[in-house]
Structure formats: C-alpha cells, structure tokens
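Enquirer: Before I ask anything, here is the structure I am working with.
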Amino acid sequence: MKIIGHEKQLNLLNELAISKAVPHAMLFNGDEGIGKKLVALKFAKTFYCEKNSNEQISYFGGCDECKSCKLFDNFSISDFYFIECSDKEQIKTENIRELLYNLNLKNFSAKNKFVIFNDAHLLKEQSANILLKTLEEPKDNTYFILVTSNYSKLPITIISRCQLWFFDSLKEYEIIEILNNKNINLNSKDDVKLLEGSLTKLDMILNNDNVQDEFQNNISDILNGNVDALNSFVSKLVKNKDNLKYNIGVLRNIIRSRMLEENNPEIKNIFAITLENLIYSEYLIFERYLNSQDVLNNIFSNLLLKKFVNVLDTSKLLNQLSLTY
Ligand SMILES: [Zn+2]
C-alpha cells in the first residue's frame, strides 16, 4: 500500500512497530481528504501480515501478498475492527458496546487487535463514553486509532487518553503524484491549487466546467455594465456559503486568465486589481469576518468600470476604489 505524503509520520510509525512501542491509543488529526485513514490502515495491517511476527517486523504496511494481507484489504480479517462514524451510517451505541465486549474475548488468530474509528469526532456522546471506559483500562495487545479532522470536537477525557498525532495538508507535488497514479488529469495547475492540499474537493473540480461557464457569463455581463447581473451574482455567491472559498478560488483563476488574454492596458489593469482584491478578500471574509456581500460587491463593482475605459482615467479611479480596510 503506497501512501503519498506524511513521510515523517510513516517513518515514526515504522519505528514504533519495529521497537514494539505501540501506544494503546493514538489520535490522528488533520484536514479531511489527506490520507490519515490510509496511514492508520497501513500501520494496523503491519501487525496482521503473516510475514511479520511479534518478534520481528520486516514488512511495514504488510507484504500485500499473503492471505492475511488480502483479507485485511477486504476488511474481513478477524480481530480487526474498522468503524466508520460518519453521519450517514451512524453507528449504534449497542454496536459499539458489542464491539468493545468482543475485544475482551480471546483472539481468533492474530496476536493483536486493532480498532480504527474513522471520523471519530462524529461518535455520539453515549458511544464516546463507552469507548472512554475501554481506553481507561487498556488491554494488552489491543490498540485503538482514532482518525479525525477535528479532534477538538472529541471529549477532552478521550483526547487525554490518546497519543496525539498531527497530519499536514498535502503539498502540491504530492497531490499531482496522487492524481497521476489515479490517472486523473486536471485542466491546469490552478485547479491543483483549488484543492487546497486535500482530495475532498476533487469531485467538485472534476465537475467544475458548468460552474466555470456560469461564472464566465456572469463576469461578461458585469463587464458590459449590467448592475443587476452584479447584484444577483454576488448574492448567489454569498448564499452558497459552504463553497464560497472554493468559488472565490475559481473566480481567481478566471480573472487571472482574462487578465493574461487582455490587450488593452486599461482593462488589464482592472483585471489585475480585481485579482489582487480577490486574493485579499479571503483574508477579509474568513479571517477578519467582514460581511462577504460587501467585500464581493466592492470587488466586482470595479469590473463595471470597463465601460468607462477611454472616457476617463480609470487607473486613478481604480486606485481610489480598491479595498481600503
Ligand atoms: Zn502479508
């Protein structure tokens, strides 16, 4: 199982496996879609592979060839538990109780038991309490890995029982390597930037063409001086709060390419200032919490100036209009 990125963590985990110093509970925290779950699986698999023994670990992440490795990959090996805590399939408290009861039983075949809770922050309070009891009384050869994108949502009592591991977002070259391995081609390097170091938005980007076309049309309308188009465009962007950051990224790419294509220096200047303000807008909206409607209105109003190019000195006007927060 080849994992791209997280080299530091993988090396440390490898050392833990070899030195038989595996903590009873670990908490893997980091953004969504960066591969934490894969790292947890790879680590656990090490201890089920037939070519590894408790005395000697030669294959970190398993050999991928033996029967146990294959069973592990299908989540059908005994003494291994993978629990998805996502909202969709909310795991029932009885199931958690039963699982933790099973952990007390004698092992079927493997020498170790691993339990991985994915998206552990979505565990219901009651389930978390049952888990806590188990973590408080660690059993020999039983290991827990809690994977989460938001560890602060877990009860502090659970966090304090776990060794905390932090995972970084993926670097651009790592994302490119992952996409190449999956035979996925994105249109441009700008699209890789839109992913912001994780693969959660990949589907959105692959289905991005409609959004791009729609935005292109909206921008053309605004450039033609259509004030109504400006207002409805900004309201729509603001309403789609969950995707606002992403959409600003898409707009940045569109404005950048329009700027590069533009020959008229005055209009090029309008695009350049719009681009600069768009970059700054993320800071204003997501870190300074300014009203996103005001910020975006201000930015896209600049595009209305295109109509007045050659009529007045736009560069002076633009400098006055550019955001002064
Ligand atoms: Zn194996």
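So the sequence shown is numbered by the working numbering: it starts at 1093 and just counts up by one.
Glycine included, C-beta positions come from ideal geometry on N, C-alpha and C.
These numbers come from a predicted model, not from an experiment.
1) Run the proximity test for Gly1153: is its beta-carbon closer than 7 Å to any non-hydrogen atom belonging to ligand 1?
2) Answer yes or no: do Asn1389 and Val1326 have a C-beta to C-beta separation smaller than 8 Å?
3) What did DSSP end up calling Thr1240 once you bin it into helix, strand or coil?
4) When you compare each of Asn1299, Leu1163, Leu1223 to Arg1253 by their alpha carbons, which one comes out closest?
5) Do you know offhand how far Glu1217's Cα is from Ser1178's?
6) Is it the case that the CB of Lys1263 approaches a heavy atom of ligand 1 more closely than 7 Å?
7) How many angstroms separate the CA atom of Leu1214 from the CA atom of Glu1142?
8) Since Ser1261 and Asp1123 are thought to touch, with beta carbons under 8 Å apart, how far apart are those beta carbons, to the nearest angstrom?
9) Between the C-alpha atoms of Gln1148 and Leu1291, what's the straight-line distance to the nearest angstrom?
10) Strictly by DSSP, which residues pair up with Thr1185?
11) Looking at C-alpha atoms only, which residue of Lys1360, Asn1196, Asn1316, Tyr1243 is the closest neighbour of Leu1119?
12) Could you check whether the Cβ of Glu1107 sits closer than 7 Å to any heavy atom belonging to ligand 1?
13) Under the criterion of a Cβ to heavy atom distance below 7 Å, does Lys1337 qualify as lining ligand 1?
14) To the nearest angstrom, how far is the alpha carbon of Glu1157 from that of Tyr1151?
15) Run the proximity test for Glu1142: is its beta-carbon closer than 7 Å to any non-hydrogen atom belonging to ligand 1?
16) Any heavy atom of ligand 1 closer than 7 Å to the CB of Glu1147?
17) Could you tell me whether the Cβ atoms of Lys1205 and Gly1097 are closer together than 8 Å?
18) Taking Leu1197 as the reference, give the member of Asp1211, Asn1144, Phe1174, Asn1233 with the closest Cα.
19) Expressed to the nearest angstrom, what Euclidean distance is found between the alpha-carbon atoms of Thr1366 and Phe1392?
20) Measure from the alpha carbon of Lys1281 to the alpha carbon of each residue in Arg1344, His1116, Asn1146, Pro1115, then state which is nearest.
21) Extract the residue ranges of the beta strand (DSSP E) inside the segment 1272-1304, only unbroken runs of 3 or more that lie entirely within it.
22) Nearest to Asn1394 by alpha carbon, out of Asn1323, Ile1267, Leu1133?
23) If you run the structure through DSSP and keep just helix, strand and coil, what is Asn1394?
Expert: According to the data block:
1) Gly1153 Cβ: outside cutoff for every heavy atom of ligand 1.
2) yes
3) strand
4) With distances taken between Cα atoms, Arg1253 lies closest to Leu1223.
5) Rounded to the nearest angstrom, the two C-alpha atoms are 14 Å apart.
6) Flag unset: Cβ of Lys1263 not near ligand 1.
7) 34 Å
8) 5 Å
9) 35 Å
10) None, per the DSSP bridge assignment.
11) Tyr1243
12) no
13) no
14) 11 Å
15) For ligand 1, at least one heavy atom lies less than 7 Å from the Cβ of Glu1142.
16) no
17) no
18) Asn1233
19) 7 Å
20) Arg1344
21) As far as the segment 1272-1304 is concerned, it has no whole beta strand (DSSP E) run of at least 3 residues.
22) Closest by alpha carbon: Asn1323.
23) helix
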